[in-house]
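Here's the structure, in structure tokens; my notes come after.
Chains as they are written, first to last, in our numbering: chain A, 2 to 190; chain B, 33 to 538.
See the structure below:
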């Protein structure tokens, strides 16, 4: 479906409900997936999504159109999710550890055989600090210094948390893959 | 792990979740629309405030309240004394047109007055002793009226003399005294018979008879002030009185003119210098290039009279008269001895005499005991250090401008600058005890008038409105030589002084 972005924005600026609904339908799916990556359960993700779209509709006038609408919406959702996490005080759990292991074992694992729900589950099972920093660094593309500023932590902490997240995810992926291989073998026998 | 592999890991996750989508439940949109609807219709606690008509009404009410404020103020407890006359007057027009209405009001008041819940002094029968009769709570009748009531004198006599009586007053009196107003009669009875029952119950009809007593009618008449047909209206005129703001004049010390006296201990140095050595010195000391001589300042003093005028808040011009006794010492390394007369003279004296000769002042040189030309006579130069007292007397006329800081303060500071006219009076050289060489203006050696530049700083302490004490540091320096064109001697006096003075401000 081709969306006339400008028309959509104009409609939202005029507070037209139909335009708002159209915008929601266009981006809610991806943004909900994003929310699910940042929080621990579905209910929280729904809350974050709802708050995010309220903000989007409120601040639509500040959208200048110099970047794709999706990125603008995405930034609002990410910020709302971070705010939600701060409210939950989960970020306090981030250990201010400056030592981090960059020598993560090589892995030939790929995500091709995994379902989205599986990977989402892996991310949600991470400690909150690791989960947040993994999302920001690996998926959103923030640099560690930016994450440090965003979360008011040190850059070293961001790096160590990311290393930890990556190690935990690899362990989960390895474990899952072994299990799958064994299942395949058993099936073959 | 190499960097590319690391990026592969992140890219893989990124690519995977870039396209990830999860359909949110419909309740999310419902919640969004609910919140949007709430925002669209903001809850205003006072919705009516949005209505312009209500706003105008509220504004009108406020204006009305503001306008009626004086009236409300009038009805405050402070004005209760006035109400005793104002209340019947205000009801009087109604009574004159509708007597029944006044009866009704009266009945209500009576009911209040005789109510057991609000016992008054009237009910206790103490009216004659307290000299006041309470009709309504908070309202009292004057003692004069009560005494009239008690004595049976018709109080309206006095009232009639001041206020016109309504034409329908007799009718009203009849009504009041009739059976139609038993309650009023009851009140009257209660008032005039202090020992009567105070239960507030209506008395038997016997009291309502016309011929109960003249006292009853007399009591009723003043109570029924509705007889007055004059409409009173109190006017409250609000105005701002033209209060002329009294401009308090600045506390000016009467310093337009002042006069003062002072004494100035000073250090006076004539800085006199003999530039041309005497001929005897040249003859005796051909090998020496110059002669050594100098002046040393001595303790001097000046008596001063000052007067000044203030030209602005800070600026002033002052002048005065000062008598200066300038003492100094002239030091030379020898003196001149006249070979003919054995008259000795120090270098300065010799130079002055030579100057006198140049001025063809033979008398002057002769009086000094020298020949016609001291430099040409046979003389010897005695190479011996000699100190000579060199005293001057000047009459000074300073003209100075002053700038005063903090002129209205207790302590003020004035910076002075100007010129001083030095009128030469006398110079005395005392080279030896008992011998004085005196020079006066007539001798033509010293200039009669010599100008000096003067500057100084003065501290003024205002003792009282008129008197102030001052301490002035002064410096004077002659602008030119104090002697007439004399190639042998040069003098440019300077003075440092500290003046203690008292000033009177007119």
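Idealized CB from N, CA, C, for every residue including glycine. These numbers come from a predicted model, not from an experiment.
Any C-beta of chain B under 8 Å from that of residue i
| i | result |
| --- | --- |
| residue 167 of chain A | yes |
| residue 139 of chain A | yes |
| residue 116 of chain A | no |
| residue 38 of chain A | yes |
| residue 51 of chain A | yes |
| residue 30 of chain A | yes |
| residue 55 of chain A | yes |
| residue 34 of chain A | yes |
| residue 120 of chain A | yes |
| residue 129 of chain A | no |
| residue 112 of chain A | yes |
| residue 143 of chain A | no |
| residue 47 of chain A | yes |
| residue 58 of chain A | yes |
| residue 72 of chain A | no |
Residues of its chain near residue i, where Cβ-Cβ distance is below 6 Å and the 5 sequence neighbours each way are ignored
| i | result |
| --- | --- |
| residue 301 of chain B | 327, 329, 360, 526 |
| residue 123 of chain A | 170, 173 |
| residue 288 of chain B | 342 |
| residue 358 of chain B | 300, 332, 424 |
| residue 422 of chain B | 360, 362, 461 |
| residue 348 of chain B | 340, 342, 434 |
| residue 143 of chain A | 137 |
Residue-level contact to chain A via CB, residue i, 8 Å cutoff
| i | result |
| --- | --- |
| residue 58 of chain B | no |
| residue 70 of chain B | no |
| residue 53 of chain B | yes |
| residue 61 of chain B | yes |
| residue 46 of chain B | yes |
| residue 103 of chain B | no |
Among the options, the one whose alpha carbon lies nearest that of residue i
| i | options | result |
| --- | --- | --- |
| residue 56 of chain A | A/135, A/141, A/77 | A/77 |
| residue 38 of chain A | B/83, B/349, B/66, B/48 | B/48 |
| residue 63 of chain A | A/14, A/47, A/51 | A/14 |
| residue 521 of chain B | B/94, B/307, B/432 | B/307 |
| residue 515 of chain B | B/500, B/501, B/529, B/482 | B/482 |
| residue 156 of chain A | A/139, A/134, A/49, A/141 | A/134 |
| residue 48 of chain A | B/100, B/532, B/64, B/92 | B/64 |
| residue 419 of chain B | B/71, B/378, B/43, B/492 | B/378 |
| residue 32 of chain B | B/438, B/451, B/452, B/459 | Here chain B covers residues 33 to 538 and nothing more, so residue 32 of chain B does not appear. |
| residue 31 of chain A | A/67, A/50, A/11, A/21 | A/50 |
| residue 344 of chain B | B/433, B/535, B/93 | B/433 |
| residue 304 of chain B | B/325, B/72, B/296 | B/325 |
| residue 6 of chain A | A/69, A/121, A/43, A/19 | A/69 |
| residue 68 of chain B | A/142, A/59, A/140 | A/59 |
| residue 529 of chain B | B/497, B/356, B/297, B/447 | B/297 |
| residue 471 of chain B | B/497, B/511, B/426, B/448 | B/426 |
| residue 126 of chain A | A/42, A/22, A/86 | A/42 |
| residue 141 of chain A | B/505, B/44, B/511, B/510 | B/44 |
| residue 513 of chain B | B/524, B/503, B/504, B/505 | B/524 |
| residue 177 of chain A | A/160, A/119, A/154, A/84 | A/119 |
Cβ shell of residue i (< 8 Å), same chain only, five flanking positions each side left out
| i | result |
| --- | --- |
| residue 416 of chain B | 365, 366, 367 |
| residue 46 of chain A | 33, 36, 37, 39, 40 |
Close-in-space but distant-in-sequence residues of the same chain around residue i (CB under 7 Å, 5 per side omitted)
| i | result |
| --- | --- |
| residue 50 of chain B | none |
| residue 24 of chain A | 9, 13 |
| residue 384 of chain B | 471, 477, 521 |
| residue 96 of chain B | none |
Cβ-Cβ separation, residue j to residue i (assumed contact under 8 Å), whole Å
| i | j | result |
| --- | --- | --- |
| residue 445 of chain B | residue 436 of chain B | 7 Å |
| residue 335 of chain B | residue 362 of chain B | Actually they do not touch by this definition, with Cβ atoms about 25 Å apart. |
| residue 507 of chain B | residue 487 of chain B | 6 Å |
| residue 431 of chain B | residue 351 of chain B | 5 Å |
| residue 443 of chain B | residue 491 of chain B | 7 Å |
| residue 8 of chain B | residue 533 of chain B | The requested residue 8 of chain B does not occur in the structure, where chain B is confined to residues 33 to 538. |
| residue 139 of chain A | residue 46 of chain B | 6 Å |
| residue 353 of chain B | residue 429 of chain B | 6 Å |
| residue 535 of chain B | residue 502 of chain B | 6 Å |
- Query: At a cut of 8 Å, does the region 65-83 of chain A reach the region 165-180 of chain A through at least three beta carbon pairs?
  - Reply: no
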